[in-house]
Amino acid sequence: MLHVYLRDPTQIRDAAASEPTPVLVGTTNRYVVCLRFNAKKSSGEYGGLKQYLAIFVAGRLDQMVEAKPEQCAAAEYQPFPEAEKLTR
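For what it's worth, the working numbering labels the leading residue of the sequence shown as 5, then goes sequentially.
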């Protein structure tokens, strides 16, 4: 799904992900994964390390949004090498 959310999903740097955690999203508990990575902007330069929330519904990715600092503050990140190997 990173292909859908990123202009250029190739050569992502410093990718990491947390374990899925149930979080109250609106009025419903959803599984959420915190992601962080440094992806290229449309100009081809890196945009800097950013954090995202991947929100799941019924076991499928529903949406990915940029995380507010407090939303992933307690996340325990593990390397996510699959994201760094993406191609177009």
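No residue lacks a Cβ here, since even glycine has one placed at the ideal position from N, Cα and C. In this text, all values refer to a predicted model and were calculated from it rather than measured experimentally.
What is the rounded straight-line gap between the Cα of residue i and the Cα of residue j?
{"i": "residue 76", "j": "residue 92", "result": "28 Å"}
{"i": "residue 14", "j": "residue 33", "result": "32 Å"}
{"i": "residue 59", "j": "residue 23", "result": "12 Å"}
{"i": "residue 30", "j": "residue 55", "result": "20 Å"}
{"i": "residue 26", "j": "residue 80", "result": "14 Å"}
Over what stretch of residues does the beta strand (DSSP E) that includes residue i continue unbroken?
{"i": "residue 35", "result": "32-44"}
Going by other Cβ atoms of all chains shown within 10 Å of its Cβ, with 16 needed for buried, is residue i buried or exposed?
{"i": "residue 78", "result": "exposed"}
{"i": "residue 64", "result": "exposed"}
{"i": "residue 8", "result": "exposed"}
Looking at the unbroken alpha helix (DSSP H) that takes in residue i, where does it start and where does it end?
{"i": "residue 87", "result": "85-88"}
Considering only residues of the same chain and omitting the five flanking positions on each side of residue i, which have a CB-CB separation below 8 Å?
{"i": "residue 48", "result": "12"}
{"i": "residue 69", "result": "56, 57, 59"}
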